[in-house]
Amino acid sequence: MRVSVLIPEYDFKETHPEYVRSGFRDSERAGIPYVENPLGLMYLSSALKENGHEVELIDGYFHNREDIIDRLKQFEPDLVGIQATAPFWFRVKDISKQIKYILDVPIVVGGSHIRYAGGEIIGQSEHIDYGIVGDGEPAIVQLCEVLKGQKKPEDVDGLFWKEEDNVQHAKNKTSEADLHELPFPDREEFDLYRYRPSLHRELPVTSLITARGCKMGCLFCHAAADRYRTRKISDIISEMKEIEEQGIREVLFYDQTMGADRERLIKLCEEIIEQDFDFWLQGNLRIDEVDTEVIRKMKEAGFWKVCIGIESGVQKSLNKLNKNIDVDKIKKAVEIVDSFDIQISGTFILGIPGETKEEARKTIEFAKELPIDFVKFFPFTPFPGSPIYENPENGKIKDDPLLLCQNRINFVPETMTEEELRQLIKNGTKEFYSRPGYILRRIKKIRTFEDIKQNILGALAYIF
Ligand code: B12
Ligand code: SF4
165 MRVSVLIPEY DFKETHPEYV RSGFRDSERA GIPYVENPLG LMYLSSALKE NGHEVELIDG
225 YFHNREDIID RLKQFEPDLV GIQATAPFWF RVKDISKQIK YILDVPIVVG GSHIRYAGGE
285 IIGQSEHIDY GIVGDGEPAI VQLCEVLKGQ KKPEDVDGLF WKEEDNVQHA KNKTSEADLH
345 ELPFPDREEF DLYRYRPSLH RELPVTSLIT ARGCKMGCLF CHAAADRYRT RKISDIISEM
405 KEIEEQGIRE VLFYDQTMGA DRERLIKLCE EIIEQDFDFW LQGNLRIDEV DTEVIRKMKE
465 AGFWKVCIGI ESGVQKSLNK LNKNIDVDKI KKAVEIVDSF DIQISGTFIL GIPGETKEEA
525 RKTIEFAKEL PIDFVKFFPF TPFPGSPIYE NPENGKIKDD PLLLCQNRIN FVPETMTEEE
585 LRQLIKNGTK EFYSRPGYIL RRIKKIRTFE DIKQNILGAL AYIF
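Just so you know, we're using the numbering used here here: the sequence shown kicks off at 165 and counts up by one.
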């Protein structure tokens with residue numbers, strides 16, 4: 165079969181209007197196109213190709229609606245797959261209507277919004293025929309068999325479909341791929357030089373995932389619903405050899421958190437060191453996964469930056485988020501990482517239910533005290549499907565899907581006003597990046613041409 169899988173067109177100004185206005189660290193103004201390769205689509209592509217299907221992938225970051233439709237018309241697919249995130253669900257419904265009208269092909273949707281909000285939401289569009297909850301690889305391949313009359317829909321794990329306008333689902337409502345069986349993601353379909361994460365050291369960059377899901381259950385996070393599963397280290401090394409041959413210079417590990425299994429992370433780093441790869445590496449860690457041995461190995465393996473979800477400097481708020489970390493240990497963990505000259509992106513959440521203005525300020529001051537290199541203050545964003553979205557406590561959720569992009573305010577706790585929350589995020593970011601000590605720290609850490617470029621452009625975004 166011929167299968168097109170696409171991400172609808174995306175306009176940076178829709179999700180980042182305040183940044184565009186304020187001139188804060190805004191990649192578009194700074195001239196840094198901030199976009200990463202869609203690993204999920206690349207996995208779907210290799211699974212489909214392995215099963216003899218022809219595939220076309222379209223990333224809406226680089227195409228407008230007209231372009232997307234033209235490409236579909238030329239390819240003449242038998243099935244169209246669309247990736248959905250919560251803020252762009254409205255656009256997925258809209259493009260489905262147009263595709264159905266022009267091409268009249270079956271349409272399947274998948275991705276985070278379907279996984280999180282549930283397959284039943286396909287009932288919100290008369291033009292969407294199928295939904296897939298969970299890992300898309302086995303389910304989309306089996307959906308092709310359903311369309312060819314070779315399989316019953318109820319036997320396809322994670323599949324949702326419609327019968328006389330009622331949404332039906334398979335016996336098993338979630339699809340889980342066998343990670344040991346999956347072919348490596350198809351990196352040939354995209355020009356990887358077009359993809360630039362907001363922070364990187366050398367192009368081209370690609371992403372790689374060594375484990376899916378998470379063992380923890382933080383209140384605000386989609387991963388809490390996704391069982392932790394790991395790939396074999398030998399497979400990861402083979403994939404790294406493959407991407408080395410493709411000329412990739414930097415790897416972003418998309419694991420929710422790399423240290424969920426400490427011994428496995430150490431083993432992975434040792435294997436990377438043994439192979440003598442020459443990649444710049446980035447990954448995510450939890451505070452409670454940091455210790456000297458782990459960080460030493462990560463440094464030796466090539467990690468130059470880790471992203472850590474610190475979330476808050478107030479224990480009450482950390483507890484509220486069910487984060488299961490201790491504010492006293494944050495400083496110690498961050499100092500260990502910094503002592504190995506690994507840069508740290510710290511993410512924080514402001515406007516947590518029950519949090520006062522003063523407590524949010526405490527988090528900002530806390531961030532400024534830590535030896536971290538980059539900071540992002542997110543407004544607390546409850547996504548559809550999360551317990552707090554269904555039952556908002558201590559605050560009000562606004563009814564505009566675009567606000568779910570995490571750069572705009574979608575939840576206002578009753579302990580502060582929306583304007584106060586907006587100012588906290590704005591001032592916190594400005595205060596963090598404009599400290600003289602911080603600027604000196606940045607200059608000292610310059611290593612590559614991309615570092616110089618990103619620092620200059622980042623600074624310009626503040627001035628103008
Ligand atoms: C990398 C990343 C990005 C990259 C690349 C995005 C991409 N298209 O892949 C960039 C930086 C561009 C990005 C942008 C955004 N992102 Co983002 N991103 C991620 C991140 C960290 C990893 C995604 C990933 O590759 N995972 C690994 C792969 C293997 O899994 P996957 O993508 O989920 O794909 C699997 C399944 O979902 C499914 N599947 C996926 N697509 C499809 C399509 C079909 C047809 C089918 C059948 C199945 C299917 O099959 C895949 C293979 O198993 C996730 C968090 C996470 N850890 O998952 C957030 C995440 C997906 N992003 C999120 C958000 C909100 C955004 C933005 C709105 C941010 C913004 N402020 O602009 C935009 C929206 C982009 C868009 N056009 O819709 C949210 C979505 C929340 C939700 N409930 O919808 C997430 C979950 C983070 C979070 N907040 O929790 N993102
Ligand atoms: S915030 Fe991090 S640790 Fe918590 S559930 Fe999500 S991925 Fe896991």
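Glycine included, C-beta positions come from ideal geometry on N, C-alpha and C.
Task: Cutoff 8 Å; reference Pro551; Cβ partners in own chain excluding five residues on either side - done: Counting from one through the sequence shown, the residue named residue 551 turns up at place 387. Closer than 8 Å at Cβ, skipping near neighbours: Leu383.
Task: Helix, strand or coil at Ile373 according to DSSP, with G and I counted as helix - done: Taking the first residue of the sequence shown as position 1, residue 373 is located at position 209. If DSSP states are grouped into helix, strand and coil, Ile373 belongs with coil.
- [ ] Assign Glu519 to buried or exposed, taking buried as 16 or more other Cβ atoms, counted over all protein chains shown, within 10 Å of its Cβ.
- [x] On the sequence shown, residue 519 is found 355 positions in, with the first residue counted as 1. Label assigned to Glu519: buried.
- [ ] Return yes when the Cβ of Leu205 is within less than 8 Å of the Cβ of Val169, no when it is not.
- [x] Counted from its first residue, the sequence shown places residue 169 at position 5. Counted from its first residue, the sequence shown places residue 205 at position 41. The answer is yes: Cβ separation under 8 Å.
- [ ] Using three-state DSSP, classify Arg193 as helix, strand or coil.
- [x] Along the sequence shown, one-based indexing puts residue 193 at 29. Because the pLDDT at Arg193 is just 42, under 50, the model does not fix this residue reliably, and the value given afterwards should be weighed accordingly. Coil.
Task: Asp502 - DSSP class collapsed to helix/strand/coil - done: Position 338 of the sequence shown, counting from 1, holds the residue named residue 502. Reduced to three states, the DSSP call for Asp502 is helix.
Open item on the list: Is Val273 a contact residue of the ligand B12, with contact defined as CB to any heavy atom under 7 Å?
Closed with: On the sequence shown, residue 273 is found 109 positions in, with the first residue counted as 1. Yes; taking the cut-off as 7 Å, the Cβ of Val273 has a heavy atom of the ligand B12 nearer than that.
Task: Beta-carbon proximity list for Asn488, same chain, < 7 Å, skipping 5 on both sides - done: Start at 1 with the first residue of the sequence shown, and residue 488 comes out as number 324. Result list for Asn488: Met380, in chain order.
Open item on the list: Given the structure, does Ala388 come close to the ligand B12, in the sense that its CB is under 7 Å from one of the ligand's heavy atoms?
Closed with: Counting from one through the sequence shown, the residue named residue 388 turns up at place 224. Not so, every heavy atom of the ligand B12 lies at least 7 Å from the Cβ.
Open item on the list: So, at 6 Å on beta carbons, what are the nonlocal neighbours of Glu192 in its own chain, with the 5 sequence-adjacent residues on each side left out?
Closed with: The residue given as residue 192 occupies position 28 in the sequence shown. For Glu192, the pLDDT reaches just 43, beneath the cut-off of 50, and the residue's location in the model is therefore unreliable, leaving the point undetermined.
Open item on the list: Using the three-state DSSP reduction, which class does Arg333 fall into: helix, strand or coil?
Closed with: Here residue 333 corresponds to residue number 169 of the sequence shown, with the count starting at 1. Per the sequence shown, residue 333 should be read as His rather than Arg. Reduced to three states, the DSSP call for His333 is strand.
Task: 3 or more residues per run - each beta strand (DSSP E) lying fully within the stretch 289–359 - done: 294–296, 323–327, 330–333
Open item on the list: Using a 10 Å radius around the Cβ and a threshold of 16 neighbouring Cβ atoms, would you call Val539 buried or exposed?
Closed with: Looking up residue 539 in the sequence shown gives position 375. Val539 should be labelled buried.
Open item on the list: In chain order, what are the residue ranges of uninterrupted beta strand (DSSP E) at least 3 long that sit wholly in the stretch 515–558?
Closed with: 538–543
TODO: Please list, in chain order, all residues of the same chain as Phe575 whose beta carbon is under 6 Å from its beta carbon, the five residues on each side excluded.
DONE: The count along the sequence shown starts at 1 and reaches residue 575 at position 411. Within the same chain, Phe575 has close Cβ partners Phe544, Pro546, Gly559, Ile561.
TODO: Give me the Cα-Cα distance between Ile508 and Trp444, rounded to the nearest whole angstrom.
DONE: Counting from one through the sequence shown, the residue named residue 508 turns up at place 344. Counting from one through the sequence shown, the residue named residue 444 turns up at place 280. The alpha-carbon atoms of Ile508 and Trp444 are separated by roughly 14 Å.
Open item on the list: Using 8 Å for Cβ pairs, my map puts Ile246 next to Val269. What's the rounded Cβ distance?
Closed with: The residue given as residue 246 occupies position 82 in the sequence shown. The residue given as residue 269 occupies position 105 in the sequence shown. The pair is not a contact, with the Cβ atoms about 12 Å apart (cut-off 8 Å).
- [ ] Could you tell me whether any non-hydrogen atom of the ligand SF4 is closer than 7 Å to the CB of Cys471?
- [x] One-based indexing of the sequence shown puts residue 471 at position 307. Answer for Cys471: no, Cβ out of range of the ligand SF4.
- [ ] Verify the contact flag: Ser276, CB atom, against every heavy atom of the ligand B12, threshold strictly below 7 Å.
- [x] One-based indexing of the sequence shown puts residue 276 at position 112. Indeed, a heavy atom of the ligand B12 lies less than 7 Å from the Cβ.
- [ ] Please work out which residues of its chain come closer than 8 Å, Cβ to Cβ, to Lys521, disregarding the five sequence neighbours upstream and downstream, and give them in chain order.
- [x] The residue you call residue 521 lines up with position 357 of the sequence shown. Thr579, Met580, Glu584, Leu588.
- [ ] Take Ala375 and list the residues in its own chain whose beta-carbon comes closer than 6 Å to its own, dropping the five residues that flank it on each side.
- [x] The sequence position of residue 375 within the sequence shown is 211, counting from 1. Excluding residues within five positions, the ones whose Cβ falls inside 6 Å are Thr394, Asp419.
Task: Secondary structure, alpha helix (DSSP H): runs of 4+ residues fully inside the stretch 377–449 - done: 397–409, 426–439
Task: Collapsed DSSP secondary structure at Gly601 in the structure displayed - done: Here residue 601 corresponds to residue number 437 of the sequence shown, with the count starting at 1. Helix at Gly601.
Task: With 16 other Cβ atoms within 10 Å as the buried cut-off, status of Arg351 - done: For the purposes of this step, residue 351 is taken as the residue at position 187 of the sequence shown. Buried, because 16 or more other Cβ atoms sit within 10 Å of the Cβ of Arg351.
TODO: Look at the alpha carbon of Pro317 and the alpha carbon of Glu406, and state the distance between them as a whole number of angstroms.
DONE: Locating residue 317 in the sequence shown gives position 153, where the first residue counts as 1. Locating residue 406 in the sequence shown gives position 242, where the first residue counts as 1. Answer to the nearest angstrom: the Cα atoms are 35 Å apart.
Open item on the list: Buried or exposed for Glu453, going by 16 or more other Cβ atoms inside 10 Å?
Closed with: As a first step, residue 453 is located in the sequence shown; it is residue number 289 there, counting from the start. Result: buried.
Task: Boundaries (first-last residue) of the beta strand (DSSP E) holding Ser168 - done: The residue labelled residue 168 in the question sits at position 4 within the sequence shown. Element bounds for Ser168: 166–171.
TODO: Work out the CA separation of Ala524 and Pro577 for me, nearest whole Å.
DONE: Looking up residue 577 in the sequence shown gives position 413. Looking up residue 524 in the sequence shown gives position 360. Computed Cα separation, rounded: 11 Å.
- [ ] Check whether the Cβ atoms of Gly466 and Ile436 sit closer than 8 Å, and answer yes or no.
- [x] Translated into the one-based positions of the sequence shown, residue 466 becomes position 302. Translated into the one-based positions of the sequence shown, residue 436 becomes position 272. Yes; because the gap between Cβ atoms is below 8 Å, this pair is in contact.
TODO: Please go through the same chain and pick out, in chain order, the residues whose beta-carbon is closer than 8 Å to the beta-carbon of Met404, but skip the five residues on each side of it.
DONE: Here residue 404 is taken as the residue at index 240 of the sequence shown, counted from 1. The beta carbon of Met404 sits closer than 8 Å to those of Leu372, Val415, Ile436, Gln439, Phe441, Phe443, all from its chain and outside the five residues before and after it, given in chain order.
Open item on the list: Helix, strand or coil, according to DSSP, for Lys560 in the structure here?
Closed with: Here residue 560 refers to the residue found at position 396 of the sequence shown. For Lys560, the three-state secondary structure derived from DSSP is strand.
Open item on the list: Please give the ranges of any beta strand (DSSP E) in the stretch 207–236, keeping only runs that are unbroken, at least 3 residues long and fully inside the region.
Closed with: Runs found: 218–223.
Open item on the list: Quick test of your reading: Lys326 and Ile296, contact by CB under 8 Å. State the CB separation rounded to the nearest angstrom.
Closed with: Sequence index remark: in the sequence shown, residue 326 carries index 162 (1-based). Sequence index remark: in the sequence shown, residue 296 carries index 132 (1-based). In fact, because the Cβ distance is near 14 Å, the residues do not count as touching under 8 Å.
- [ ] Return helix, strand or coil for Leu485, following the three-state DSSP convention.
- [x] The residue labelled residue 485 in the question sits at position 321 within the sequence shown. Coil, per DSSP.
Task: Sheet register partners of Ile513 (DSSP bridge) - done: On the sequence shown, residue 513 is found 349 positions in, with the first residue counted as 1. For Ile513, which the question treats as bridged, DSSP gives the partners Phe542.
Open item on the list: I'd like to check one pair, Arg166 with Glu240: are the Cβ atoms closer than 8 Å?
Closed with: To locate residue 240, count along the sequence shown from 1; it is residue 76. To locate residue 166, count along the sequence shown from 1; it is residue 2. Result yes, Cβ atoms of Glu240 and Arg166 sit closer than 8 Å.
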